[in-house]
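Student: Shown below is the structure under consideration.
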Amino acid sequence: MGPPAKRRCVLVLGGSFDPVHQGHIALAACFRRLLEPDELRILPAGNPWQKTRGLKASAQDRVEMARRAFAAASMPVVIDEQEIRRTSISGEASYTLDTLRLLRDELGPDTSIAFLMGADQLQGLHTWHNWQQLFDYAHICVASRPGFTLNMADLPPAVSAEFGKRIGTPEQIRNSAHGLTCLASDLAVDISATEVRYALQHGGQPNSLIPAVVLDYIQQHHLYKN
Ligand code: ATP
């Protein structure tokens, strides 16, 4: 008998991607280096919970931009439209917990599922729908982001308590299905989609903020002009 088969590992990155930018790409690349996953699963939001403003680009444009942006990633990438489909059927926001439950059904009990987020999201994690149950389905891996703390003492107490007791090494995350946390504090990409949209609305060419293929798409489809 040969060595045991390596556990499958899937990185999950959800977001508005309105539009996708270098911060998203760097976040995925950071955990690709740490976890050497078998797949990156990109989940564009249909109607994202807690975003008070509407999204500027259509779901289909956001999907197409994500497809182009991640085509060059050095790992297999799946652009998963399940949240968009659910929202268009129900008209209601879809929760990350529902998404992770469905992903767990799809990927099976053994796959290591690592849900990625930036430090800004960690600060509000305790306000997510049934947030503690997220750990029943996935690991949560957080990367630093300029302007947002990763310091446990500065996070909401409920988040730091839950997060702190679950800290795992990349190897432990790679070798278990769910329930652990991981902080990558060396990411420092000061880019947001808000900043990209602002630049585009004001006639800027945000070449250093988004991949050239995404800028081409935006220009061809006249997105973010107003
Ligand atoms: P907006 O400016 O419209 O609020 P955003 O730039 O935060 O958007 P999202 O699509 O909402 O982008 O983010 C998706 C995920 O990527 C979130 O988990 C977010 O924390 C993370 N992320 C976005 N930008 C960065 C960045 N520069 N560094 C680290 N993580 C990031």
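Heads up: the sequence shown begins at 8 in my numbering, then just goes up one per residue. Where a beta carbon is used, it is the ideal one built from N, C-alpha and C, also for glycine. The model shown is predicted, which means the values in this text are computed figures rather than measured ones.
1) How far does the alpha helix (DSSP H) with G125 in it reach, from first residue to last?
2) Between the C-alpha atoms of Q226 and V220, what's the straight-line distance to the nearest angstrom?
3) Applying the criterion that 16 or more other CB atoms from any shown protein chain within 10 Å of the CB defines a buried residue, is T106 buried or exposed?
4) Would you kindly check if the distance between the Cβ of I217 and the Cβ of V196 is under 8 Å?
5) For L230, which of helix, strand or coil comes out of DSSP?
6) Output the distance between the C-alpha atoms of G210 and L62, rounded to the nearest integer angstrom.
7) Ignoring anything shorter than 4 residues or poking outside the region 139 to 182, list the alpha helix (DSSP H) runs there in chain order.
8) Can you list, in chain order, every residue whose CB sits closer than 6 Å to a heavy atom of the ligand ATP?
9) Judging by CA-CA distance, which residue of Q212, E88, E178 is the nearest neighbour of A71?
10) Just tell me which of Q139, G53, P153, E113 has its CA closest to the CA of G98.
11) Would you mind sorting R92 into buried or exposed? The rule is 16 or more other CB atoms within 10 Å of its CB.
12) Quick check on the DSSP output: the beta strand (DSSP E) that includes T188 runs from which residue to which?
13) When we look at the beta-carbon of H28 and count the other beta-carbons within 10 Å, is it buried (16 or more) or exposed?
14) Per DSSP, which one or two residues make a beta bridge with L62?
15) Alpha carbon to alpha carbon, how far is L162 from R15? Give it in angstroms, no decimals.
16) Could you check which residue in H228, I49, S183, H133 has the C-alpha nearest to that of G85?
17) In three-state DSSP terms, what is W56?
Tutor: So, from the data block:
1) Taken as a continuous stretch (DSSP letters only), G125 belongs to no alpha helix (DSSP H), being part of the beta strand (DSSP E) at 119 to 125.
2) 10 Å
3) buried
4) no
5) coil
6) 20 Å
7) 164 to 172, 177 to 181
8) G22, S23, F24, D25, G30, H31, L34, M124, G125, D127, Q128, A150, R152, L194, V196, I198, S199, A200, T201
9) First, the residue type needs correcting, since residue 71 is Glu and not Ala in the sequence shown. The shortest Cα separation from E71 among Q212, E88, E178 belongs to E88.
10) G53
11) exposed
12) 188 to 191
13) buried
14) For L62, which the question treats as bridged, DSSP gives no partner whatsoever.
15) 32 Å
16) Sequence inspection shows Val at residue 85; the Gly mentioned does not correspond to that position. Closest option to V85, Cα to Cα, is I49.
17) With a pLDDT of 48 at W56, under the threshold of 50, the predicted position of this residue should be treated as unreliable, and no value is reported.
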